[in-house]
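S.K.: In the order they appear, the protein sequences are chains A and B. No gaps in the numbering here: position 151 of the first sequence is 151 in this note's numbering, and each next residue is one more. No gaps in the numbering here: position 139 of the second sequence is 1139 in this note's numbering, and each next residue is one more.
2 protein chains.
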Amino acid sequence: MRKAIRPGRPRGARATPAESATAILDVAEQLVQTRGYNGFSYANIAVELGVTKASLHYHFASKALLGSALIDRYHAAFVAALAEIDAAGARPAERLERYVRLYDQVIRNGRMCLCGMLAAEHATLPAPMRTRLRRFFEVNERWLATVLEAGRDAGDFAFGERPGERAAVVLGALEGAMLVARSFDDPRRFRIAARRVIADVVSVGSPRARH
Amino acid sequence: MRKAIRPGRPRGARATPAESATAILDVAEQLVQTRGYNGFSYANIAVELGVTKASLHYHFASKALLGSALIDRYHAAFVAALAEIDAAGARPAERLERYVRLYDQVIRNGRMCLCGMLAAEHATLPAPMRTRLRRFFEVNERWLATVLEAGRDAGDFAFGERPGERAAVVLGALEGAMLVARSFDDPRRFRIAARRVIADVVSVGSPRARH
DNA sequence: GTCTATAACGAGATAGAC
DNA sequence: GTCTATCTCGTTATAGAC
């Protein structure tokens, strides 16, 4: 419910472009994550922010540009979150747990992963969005593969295939678990499935591997 | 490219309602599976079939009814395919393989699972479609759970949790693998991931469990 | 059953005043 | 930067002729 006009601003002062753009992106992001790129309009954002559609076009000239900006910001936030996980210097198992928690926070808010949602609509997206989408998944898989490889080297993980392959399985399983969980309006379904996806990676001897 | 007018029909004869409805559903299905429910229109179908939009409304009065009919037909076809697998009387491992092959045929055609696609758009769907969507996943999971339980009883499978839980993991992983694979325009990504999802279910002692 | 014609509306987008 | 006003187009859907 964030508005373009920031509370506490001097009477009559306008929002800066950056503030308005952020507010627009916030609303648009929520809309895409719940309804999809083809399931929302400038009108939806305008109503939510209490401005006109024309104002939105000042900040994002076209819906395609808005869409690309959405992925860029989401991607950057994700990379920052991954960097934070890395900075904590925890063991691979803990890093994987925290990665899953990123997804859990998304579905907890009744949302789907932004890029998981866009992946479904892939065929209808402008080319710049498709490129960014692909890159988001590539970066995710690469980070996951690194963590998985480190975990196996440390003897904490016991998956059989190449780290990159297992990374693809994990990423797909998490995205799919979100997708299905939303059809049941039940975030717990995601949590239960995610727990098993982690267990499939962890070594058989570990306390978490079975049951 | 199937048309409403069946080739070989006597000159001047019209298509029967059932034939036209089937042709409409065929095109609509392909459109939803590639572009999503919010990504196609009656105009798309009309052009493809060489008829007018008004004709389509004769067979499916509203888009919501068309959508429900789509899920009903897809669900029935899926159930029939599962019955065929069951009728073959193969071992659980073979049944699971054949289940995955159903998904593989879908993505081989450049499509996403109809219900996986609709799951993304869940929040924008009419209530009757949401109900049907949920039911499709329930039936899938129940069938999978039965196969998984039989496999474990037979000593072929070695997953640790309740069959229903593992069924949810498998279903989610397959749907997610399709989703991501489509973003890469690469069906092989699905196949590789699906192979590992199966391996996660199969016993450690089996030749397919590792590498 | 399929057509033409059109209603009724919402979409993305732009011009120009303030 | 945000507004009013408007344009153009595509959408779902209906009426009525053939």
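From the three backbone atoms N, C-alpha and C, an ideal C-beta is built for every residue, glycine too.
Under 8 Å Cβ-Cβ, which residues of chain A neighbour asparagine 1044 (chain B)?
M.R.: Within the second sequence, numbered from 1, the residue matching residue 1044 (chain B) stands at position 44. Those do not exist, as asparagine 1044 (chain B) stays about 11 Å from chain A at its closest Cβ, beyond 8 Å.
S.K.: Taking isoleucine 192 (chain A) as the query, report the chain B residues whose CB atoms sit under 9 Å from its CB, ordered along the chain.
M.R.: In the first sequence, the residue the question calls residue 192 (chain A) occupies position 192. Result: Glu1161, Glu1165, Ala1168 and Val1169.
S.K.: Just the Cα atoms here: how many angstroms apart are arginine 213 (chain A) and aspartate 104 (chain A)?
M.R.: For residue 213 (chain A) there is no data in the structure shown, the boundaries of chain A being 1 and 211.
S.K.: Are arginine 132 (chain A) and aspartate 72 (chain A) touching if we call contact CB-CB under 8 Å?
M.R.: One-based indexing of the first sequence puts residue 132 (chain A) at position 132. One-based indexing of the first sequence puts residue 72 (chain A) at position 72. The answer is yes: Cβ separation under 8 Å.
S.K.: Since I believe asparagine 38 (chain A) is in contact with glycine 1039 (chain B) (beta carbons under 8 Å), could you give me their beta-carbon distance rounded to a whole number of angstroms?
M.R.: Here residue 1039 (chain B) refers to the residue found at position 39 of the second sequence. Here residue 38 (chain A) refers to the residue found at position 38 of the first sequence. Correct: roughly 5 Å between the Cβ atoms.
S.K.: Mind pulling the chain A residues with CB within less than 8 Å of methionine 1129 (chain B)?
M.R.: Walking along the second sequence from the start, residue 1129 (chain B) turns up at place 129. Here the premise fails: no neighbours, minimum Cβ distance about 11 Å.
S.K.: Looking at arginine 35 (chain A) and alanine 1090 (chain B), is the spacing between their C-beta atoms short of 8 Å?
M.R.: Along the second sequence, one-based indexing puts residue 1090 (chain B) at 90. Along the first sequence, one-based indexing puts residue 35 (chain A) at 35. Against a cut-off of 8 Å, the Cβ pair of arginine 35 (chain A) and alanine 1090 (chain B) comes out as no contact.
S.K.: Please decide whether arginine 1208 (chain B) counts as near chain A, where near means a Cβ-Cβ distance under 8 Å.
M.R.: Here residue 1208 (chain B) is taken as the residue at index 208 of the second sequence, counted from 1. A caution first: arginine 1208 (chain B) carries a pLDDT of 46, below 50, which makes its placement in the model unreliable, though a value can still be read off. Chain A contact via Cβ: absent.
S.K.: With leucine 1118 (chain B) as the anchor, note down where its alpha helix (DSSP H) starts and where it stops.
M.R.: Position 118 of the second sequence, counted from the start, is the residue given in the question as residue 1118 (chain B). Per DSSP, leucine 1118 (chain B) belongs to the alpha helix (DSSP H) from 1114-1120.
S.K.: Identify, in the order they occur along the chain, each residue of the same chain with its Cβ nearer than 6 Å to the Cβ of phenylalanine 1136 (chain B), setting aside the five sequence neighbours on each side.
M.R.: What you label residue 1136 (chain B) is simply residue 136 of the second sequence in a count that begins at 1. Once the five neighbours on either side are set aside, the close Cβ partners of phenylalanine 1136 (chain B) are His1075 and Cys1115.
S.K.: Quick one: Cα of alanine 28 (chain A) to Cα of valine 47 (chain A), how far?
M.R.: The count along the first sequence starts at 1 and reaches residue 28 (chain A) at position 28. The count along the first sequence starts at 1 and reaches residue 47 (chain A) at position 47. If you take the alpha carbons of alanine 28 (chain A) and valine 47 (chain A), they lie about 12 Å apart.
S.K.: So isoleucine 198 (chain A) and leucine 82 (chain A) are in contact, right, with Cβ under 8 Å, and what is the actual spacing, rounded?
M.R.: Residue mapping note: residue 198 (chain A) aligns to position 198 of the first sequence, counting from 1. Residue mapping note: residue 82 (chain A) aligns to position 82 of the first sequence, counting from 1. The pair is not a contact, with the Cβ atoms about 17 Å apart (cut-off 8 Å).
S.K.: According to DSSP, is alanine 1190 (chain B) part of a helix, a strand, or is it coil?
M.R.: As a position in the second sequence, residue 1190 (chain B) is number 190, starting the count at 1. Reading off the sequence shown, one finds phenylalanine at residue 1190 (chain B), where the question assumed alanine. Three-state result, phenylalanine 1190 (chain B): helix.
S.K.: Suppose you measure from the CA of glycine 172 (chain A) to the CA of glycine 67 (chain A); what does that come to, to the nearest Å?
M.R.: Residue mapping note: residue 172 (chain A) aligns to position 172 of the first sequence, counting from 1. Residue mapping note: residue 67 (chain A) aligns to position 67 of the first sequence, counting from 1. Going from the Cα of glycine 172 (chain A) to the Cα of glycine 67 (chain A) covers about 22 Å.
S.K.: In three-state DSSP terms, what is valine 1202 (chain B)?
M.R.: Sequence index remark: in the second sequence, residue 1202 (chain B) carries index 202 (1-based). It is a strand residue.
S.K.: In chain order, what residues of the same chain have a beta carbon less than 8 Å from the beta carbon of phenylalanine 1157 (chain B), not counting five sequence neighbours either side?
M.R.: Here residue 1157 (chain B) corresponds to residue number 157 of the second sequence, with the count starting at 1. Hits under 8 Å: Pro1092, Ala1093, Leu1148, Gly1151, Val1201, Val1202 and Ser1203.
S.K.: Among B:Ala1021, B:Ala1120 and B:Glu1084, which one has its Cα closest to the Cα of tyrosine 1058 (chain B)?
M.R.: For the purposes of this step, residue 1058 (chain B) is taken as residue 58 along the second sequence, with counting starting at 1. When only C-alpha atoms are compared, the closest one is B:Ala1021.
S.K.: In its own chain, which residues sit with a C-beta less than 7 Å from the C-beta of glutamine 33 (chain A), not counting the 5 before and 5 after it?
M.R.: If you number the first sequence from 1, residue 33 (chain A) lands on position 33. These residues qualify, in order along the chain: Arg111, Met112, Leu114 and Met117.
S.K.: Just checking my contact of arginine 1162 (chain B) with phenylalanine 184 (chain A) at CB under 8 Å: how many whole Å lie between their CB atoms?
M.R.: In the second sequence, residue 1162 (chain B) corresponds to position 162, counting from 1. In the first sequence, residue 184 (chain A) corresponds to position 184, counting from 1. Contact doesn't hold; Cβ gap of about 17 Å is too wide.
S.K.: In chain A, which residues lie with their C-beta within 7 Å of the C-beta of glutamate 1121 (chain B)?
M.R.: Residue mapping note: residue 1121 (chain B) aligns to position 121 of the second sequence, counting from 1. Under the 7 Å cutoff, chain A gives Gly36 and Gly39.
S.K.: Using a cut-off of 7 Å between C-beta atoms, extract the partners of leucine 1133 (chain B) located in chain A.
M.R.: Reading the second sequence from its first residue, position 133 is the one you call residue 1133 (chain B). By Cβ distance, chain A contributes Ser183.
S.K.: Could you check which residue in A:Thr146, A:Tyr42, A:Ala54 and A:Arg98 has the C-alpha nearest to that of arginine 191 (chain A)?
M.R.: Indexing the first sequence from 1 puts residue 191 (chain A) at position 191. If we check each option's Cα against that of arginine 191 (chain A), A:Arg98 comes out closest.
S.K.: What residue does the alpha helix (DSSP H) around aspartate 1104 (chain B) start on, and which one ends it?
M.R.: By 1-based counting over the second sequence, the position of residue 1104 (chain B) is 104. Here the alpha helix (DSSP H) through aspartate 1104 (chain B) covers 1092-1108.
S.K.: How is phenylalanine 184 (chain A) classed by DSSP in three states: helix, strand or coil?
M.R.: Here residue 184 (chain A) is taken as the residue at index 184 of the first sequence, counted from 1. Of the three classes helix, strand and coil, the one that applies to phenylalanine 184 (chain A) here is coil, per DSSP.
S.K.: For lysine 3 (chain A), which residues from the same chain have a beta carbon less than 7 Å from its beta carbon, with the 5 sequence-adjacent residues on both sides left out?
M.R.: Taking the first sequence and counting its residues from 1, one reaches residue 3 (chain A) at position 3. Legend: pLDDT at lysine 3 (chain A) = 48, less than 50; position of this residue unreliable, no value from coordinates given.
S.K.: Does glycine 1165 (chain B) pass the burial test, meaning 16 or more other C-beta atoms within 10 Å, or should it be called exposed?
M.R.: Position 165 of the second sequence, counted from the first residue, corresponds to residue 1165 (chain B). Checking the sequence shown, residue 1165 (chain B) turns out to be glutamate, not glycine. It counts as buried.
S.K.: Please state whether DSSP places phenylalanine 137 (chain A) in a helix, a strand or coil.
M.R.: In the first sequence, the residue the question calls residue 137 (chain A) occupies position 137. Three-state result, phenylalanine 137 (chain A): helix.
S.K.: So, at 7 Å on beta carbons, what are the nonlocal neighbours of alanine 1168 (chain B) in its own chain, with the 5 sequence-adjacent residues on each side left out?
M.R.: Taking the second sequence and counting its residues from 1, the one referred to as residue 1168 (chain B) is at position 168. Cβ neighbours of alanine 1168 (chain B) beyond the five flanking positions: Glu1141.
S.K.: With 16 as the cutoff for other CB atoms within 10 Å, does glycine 176 (chain A) come out buried or exposed?
M.R.: Within the first sequence, numbered from 1, the residue matching residue 176 (chain A) stands at position 176. Burial call: buried.
S.K.: Would you kindly report the start and end of the unbroken alpha helix (DSSP H) that includes serine 55 (chain A)?
M.R.: Along the first sequence, read from residue 1 onward, the residue named residue 55 (chain A) stands at position 55. Its alpha helix (DSSP H) spans residues 53-59.
S.K.: What does a CB cutoff of less than 7 Å around alanine 69 (chain A) pick up in its chain, not counting 5 residues either side in sequence?
M.R.: Taking the first residue of the first sequence as 1, we reach residue 69 (chain A) at position 69. Excluding residues within five positions, the ones whose Cβ falls inside 7 Å are Leu25 and Phe60.
S.K.: Taking just the CA atoms, how far does serine 1055 (chain B) sit from leucine 1102 (chain B)?
M.R.: Translated into positions along the second sequence, residue 1102 (chain B) becomes position 102. Translated into positions along the second sequence, residue 1055 (chain B) becomes position 55. C-alpha separation (whole angstroms): 33 Å.
S.K.: Quick check: is the beta carbon of proline 1187 (chain B) nearer than 8 Å to any beta carbon in chain A?
M.R.: Counted from its first residue, the second sequence places residue 1187 (chain B) at position 187. Output row for proline 1187 (chain B): interface = no.
S.K.: For chain B, is any of its Cβ atoms less than 8 Å away from the one on glutamate 175 (chain A)?
M.R.: Here the question's residue 175 (chain A) lines up with position 175 in the first sequence. Judged by the 8 Å Cβ criterion, glutamate 175 (chain A) is in contact with chain B.
S.K.: Roughly how many angstroms separate the alpha carbons of serine 41 (chain A) and aspartate 186 (chain A), rounded to a whole number?
M.R.: As a position in the first sequence, residue 41 (chain A) is number 41, starting the count at 1. As a position in the first sequence, residue 186 (chain A) is number 186, starting the count at 1. Each residue's alpha carbon lies about 27 Å from the other.
S.K.: Please state whether DSSP places phenylalanine 1157 (chain B) in a helix, a strand or coil.
M.R.: Here residue 1157 (chain B) refers to the residue found at position 157 of the second sequence. Phenylalanine 1157 (chain B) falls in the strand class under three-state DSSP.
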